[in-house]
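Residue numbers (this note's numbering): 584 to 735.
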């Protein structure tokens, strides 16, 4: 997230990046970088939540992504303070949450579920394509053509 104070007609630089200002009279404007482009964030735009357990639960650092289960995310209501396990292997019968299928020795699954918690009681979108870079939350990766083509 980038916070900048913009003025009419100015170009702002931060580090090695240059941002074009928008028409405003010294108002603090929230912006974010999306795939190399800067986008202004409206106050009512939903933010992608972060997993507070990401730094302490090592399964979040698995370098590979699991099998694509579906090309659309799944919306679920979660409670603050409760731990959940998101299926990364894509084999769970209770998607998007883990049911322990990865423990079956005959399936030879090397992925582990991602433990996560939420910071407030509300509905969240969980990734079902398993390709998100913000595990377990959907970041829109499912919109890529290769993922859409993988599931018919």
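We put the beta carbon where it would ideally sit given N, CA and C, even for glycine. Remember, it's a predicted structure, so these values are computed and weren't measured experimentally.
Straight-line gap, residue i to residue j (C-alpha atoms, nearest Å)
i, j, result
"residue 654", "residue 684", "21 Å"
"residue 638", "residue 699", "11 Å"
"residue 651", "residue 640", "23 Å"
"residue 633", "residue 730", "23 Å"
Span of the beta strand (DSSP E) around residue i
i, result
"residue 697", "697 to 699"
"residue 686", "Residue 686 -> no beta strand (DSSP E), and no H or E assigned at all."
Alpha helix (DSSP H) segment containing residue i, residue limits
i, result
"residue 728", "728 to 733"
Buried or exposed (CB count within 10 angstroms, at least 16 for buried), residue i
i, result
"residue 707", "buried"
"residue 737", "With the chain running from 584 to 735 in the structure shown, residue 737 is simply not present."
"residue 697", "buried"
"residue 721", "buried"
Of the residues the options, the one placed nearest residue i, counting alpha carbons only
i, options, result
"residue 703", "662, 733, 676", "662"
"residue 705", "732, 731, 648, 664", "664"
Contact with chain C by residue i, beta-carbon distance below 8 Å
i, result
"residue 721", "Any reference to chain C falls outside this structure, which holds one protein chain only."
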